[in-house]
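Asker:
Number of protein chains: 2
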Amino acid sequence: MAQKNILQYIILGLLKQHPKTGYELKQSFENDIGEFWQAKHSQIYPELKKLEQKKLIHHEIEIVGTKMETKKYYITTAGKDYFLKWQFLESTDINPHKDEFTLKLYFIEDKSDPHIKTMVENQLKLHIDKLNHLNERETILFSDKEDINNAYGHYLILKKAISREKDYIDWLGEI
Amino acid sequence: MAQKNILQYIILGLLKQHPKTGYELKQSFENDIGEFWQAKHSQIYPELKKLEQKKLIHHEIEIVGTKMETKKYYITTAGKDYFLKWQFLESTDINPHKDEFTLKLYFIEDKSDPHIKTMVENQLKLHIDKLNHLNERETILFSDKEDINNAYGHYLILKKAISREKDYIDWLGEI
DNA sequence: GTCTGCATGTAAGACGTTACATGATTCT
DNA sequence: AGAATCATGTAACGTCTTACATGCAGAC
Numbered sequence: 025m026a027q028k029n030i031l032q033y034i035i036l037g038l039l040k041q042h043p044k045t046g047y048e049l050k051q052s053f054e055n056d057i058g059e060f061w062q063a064k065h066s067q068i069y070p071e072l073k074k075l076e077q078k079k080l081i082h083h084e085i086e087i088v089g090t091k092m093e094t095k096k097y098y099i100t101t102a103g104k105d106y107f108l109k110w111q112f113l114e115s116t117d118i119n120p121h122k123d124e125f126t127l128k129l130y131f132i133e134d135k136s137d138p139h140i141k142t143m144v145e146n147q148l149k150l151h152i153d154k155l156n157h158l159n160e161r162e163t164i165l166f167s168d169k170e171d172i173n174n175a176y177g178h179y180l181i182l183k184k185a186i187s188r189e190k191d192y193i194d195w196l197g198e199i
Numbered sequence: 025m026a027q028k029n030i031l032q033y034i035i036l037g038l039l040k041q042h043p044k045t046g047y048e049l050k051q052s053f054e055n056d057i058g059e060f061w062q063a064k065h066s067q068i069y070p071e072l073k074k075l076e077q078k079k080l081i082h083h084e085i086e087i088v089g090t091k092m093e094t095k096k097y098y099i100t101t102a103g104k105d106y107f108l109k110w111q112f113l114e115s116t117d118i119n120p121h122k123d124e125f126t127l128k129l130y131f132i133e134d135k136s137d138p139h140i141k142t143m144v145e146n147q148l149k150l151h152i153d154k155l156n157h158l159n160e161r162e163t164i165l166f167s168d169k170e171d172i173n174n175a176y177g178h179y180l181i182l183k184k185a186i187s188r189e190k191d192y193i194d195w196l197g198e199i
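Line order of the protein sequences matches chains A and B. With my numbering, you'll find the first sequence wraps up at 199, consecutive numbering, no jumps. With my numbering, you'll find the second sequence wraps up at 199, consecutive numbering, no jumps.
What follows is the structure, given as C-alpha cells:
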C-alpha cells in the first residue's frame with residue numbers, strides 16, 4: 025500500500041476555497057496551515073502538475089506587470105469530488121505528528137455544517153481512548169514515586185503526552 | 025546543508041541508557057518515545073551499521089535459546105561525546121512536528137542535572153514568543169467576531185495552535 | 001539602481017513507510 | 001502442532017528538505 029499523499033488533498037482544499045497560484049499556495053502553508061502541515065515550493069509545483077494531469081485542477085495564465093506570467097490554478101468538479109471523499113472519510117487512527125483530522129476540519133468553511141458533529145465525536149472517542157491508555161501507563165510505571173527519579177525523562181514525556189491529549193480533548197469539546 | 029539525522033542521536037541516547045539489540049531499540053520506539061518520534065526497524069538496522077562504522081557504537085553477539093544469534097549494541101566513549109554535544113547544544117528554533125527538545129530532555133536521567141534549568145528557560149522563551157505571535161494573529165484576524173463565521177476552519181486551527189503552545193508552556197513550567 | 005519580494009521550476013539527497021524475506025523461540 | 005513474538009535484514013517507493021537556477025515587479 026502506498027503512502028497517503030495528503031499534500032494533494034491540502035492543495036485541492038486550498039484551491040476549493042479560492043483559485044491560487046503556486047506561490048500563493050506556498051504562502052498559505054507559511055501563514056495559515058504551517059502549524060499543522062508544512063510544504064515547500066519545491067514540493068508544491070510538481071504536485072500541481074500531477075493534479076493537473078489527473079484533471080483534478082486546471083490553470084490559466086495571468087499577466088502581472090507587463091510580461092510576467094503566473095499560473096492561476098482552479099479546482100475542477102472531479103477535484104472537488106475527490107477532495108470531499110477524503111474530507112468526510114472517517115478516521116480510524118490518530119498520529120500525533122501528522123494531524124489529518126485538524127486539516128479536514130480546517131477545510132470546513134461553514135460553521136453549521138452537519139458533518140462537524142459526527143467528525144468531532146469520532147475524533148473525541150479516539151483521543152479519549154488514547155488518554156485512558158496513557159493514564160494506565162502512568163499508573164503502571166510510576167505508581168511508586170521512587171520510580172519517577174529513576175526514569176525522570178520517561179516520566180516527563182509521558183506527562184507531556186497526557187497533557188497533550190487532554191488539551192486536544194478540551195479543544196474538541198469547544199468546537 | 026544536510027538534514028539533521030536525529031535518529032542517530034536517539035539511538036545513541038537509548039544505548040547510553042542500556043546496551044540493546046536492534047529489536048529492543050524498535051520496542052523503545054513503540055513503547056517509550058513513540059509519542060514524540062517514530063522509527064521502523066527498517067530504518068534502525070541500517071542506522072546501527074552506519075553508527076558502528078563511525079565507531080560510535082559496537083556490538084557483541086549473544087545467543088538466545090540454542091542457536092539464535094542476536095547483536096547487542098554498546099555505545100563507545102566517542103559515541104557518548106557525540107551524543108552529549110547534541111543534547112546540550114541550545115535550540116534556536118521550534119518545530120511543532122519534530123520536537124527535538126522533548127527528546128533531549130527525555131535523555132536526562134538525573135532529575136537534579138544542572139543543565140535542565142537553562143534548557144527549560146531557553147525553550148520557554150521560544151514558546152512564549154510563539155504564543156505571543158499567535159495571539160497577535162488572533163487579534164488581527166478575528167477581533168471582529170463576524171470574521172469567525174467567515175473562516176471558521178482557520179479560526180479553529182489558530183485556537184488549536186494557541187492552546188497547544190499554552191499547554192507546552194504549562195508543561196515546561198512544571199519541570 | 002539596488003534590494004526585497006514575487007514567481008516558477010529542477011536536481012540531489014535524506015528521511016520515512018511499506019513490502020519482501022527468512023528463520024528461531026516461546027507460549028498455548 | 002500452530003500461533004504469536006523475537007530477531008535481523010534488504011528493496012522499492014514515496015515524501016520532504018536543501019540547494020541550484022532564473023527572471024520580473026515594486027518600493028525606496
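We treat Cβ as the ideally placed atom computed from N, Cα and C, and that holds for glycine. Every value quoted in this text rests on a predicted model; they were computed, and no experiment measured them.
What are the boundary residues of the alpha helix (DSSP H) that includes residue 87 (chain A)?
Answerer: Where residue 87 (chain A) is concerned, there is no enclosing alpha helix (DSSP H), although the beta strand (DSSP E) it sits in stretches over 81-88.
Asker: Expressed to the nearest angstrom, what Euclidean distance is found between the alpha-carbon atoms of residue 173 (chain B) and residue 153 (chain B)?
Answerer: Cα-Cα distance, rounded: 28 angstroms.
Asker: Helix, strand or coil for residue 109 (chain A), going by three-state DSSP, please let me know.
Answerer: Reduced to three states, the DSSP call for residue 109 (chain A) is helix.
Asker: In whole angstroms, what is the alpha-carbon distance linking residue 79 (chain B) and residue 27 (chain B)?
Answerer: Their backbone Cα atoms lie some 21 angstroms apart in a straight line.
Asker: Pairing CB atoms from the segment 97-116 of chain A with CB atoms from the segment 72-87 of chain A, are three or more of them under 8 angstroms?
Answerer: Yes, they touch.
Asker: Could you tell me if residue 157 (chain B) is buried or exposed, where buried requires 16 or more neighbouring beta carbons within 10 angstroms of its beta carbon?
Answerer: When all chains shown are included, residue 157 (chain B) counts as exposed.
Asker: Whether or not the segment 112-129 of chain A and the segment 42-52 of chain A are in contact is what I'm after, with contact meaning three or more pairs of Cβ atoms, one per stretch, closer than 8 angstroms; do they touch?
Answerer: The segment 42-52 of chain A is not in contact with the segment 112-129 of chain A.
Asker: Would residue 179 (chain B) and residue 166 (chain B) qualify as a contact pair, given that the criterion is a beta-carbon distance under 8 angstroms?
Answerer: For residue 179 (chain B) and residue 166 (chain B), yes; Cβs fall inside 8 angstroms.
Asker: Residue 111 (chain A) to residue 128 (chain A), Cα distance in whole Å?
Answerer: Each residue's alpha carbon lies about 5 angstroms from the other.
Asker: Starting from the N-terminal side, write out each stretch of the alpha helix (DSSP H) that is 4 residues or longer and does not extend beyond the segment 165-199 of chain B.
Answerer: As far as the segment 165-199 of chain B is concerned, its whole alpha helix (DSSP H) runs of at least 4 residues are 170-174, 176-197.
Asker: Go to residue 126 (chain A), then tell me how far its alpha helix (DSSP H) extends in each direction, as first and last residue.
Answerer: Start and end: 124-130.
Asker: Kindly list the residues whose CB is nearer than 7 angstroms to the CB of residue 184 (chain B), restricted to its own chain and excluding five residues on each side of it in sequence; keep chain order.
Answerer: Cβ neighbours of residue 184 (chain B) beyond the five flanking positions: none.
Asker: Under 9 angstroms between beta-carbons, which chain A residues line up against residue 33 (chain B)? List them in chain order, please.
Answerer: None at all; the shortest Cβ gap to chain A is about 14 angstroms.
Asker: State the CB to CB distance for the pair residue 19 (chain A) and residue 193 (chain A), rounded to an integer number of angstroms; the pair is presumed to be in contact (CB under 8 angstroms).
Answerer: Beyond the ends of chain A as shown, which are 25 and 199, falls residue 19 (chain A); an answer cannot be given.
Asker: Rounded to whole angstroms, what's the CA-CA distance from residue 25 (chain B) to residue 37 (chain A)? Just pull it up for me.
Answerer: Residue confidence is low: residue 25 (chain B) scores 48 on pLDDT, short of 50, so the model does not pin down where it sits. No coordinate-derived value is stated.
Asker: With residue 35 (chain B) as the anchor, note down where its alpha helix (DSSP H) starts and where it stops.
Answerer: That run of the alpha helix (DSSP H) goes 30-41.
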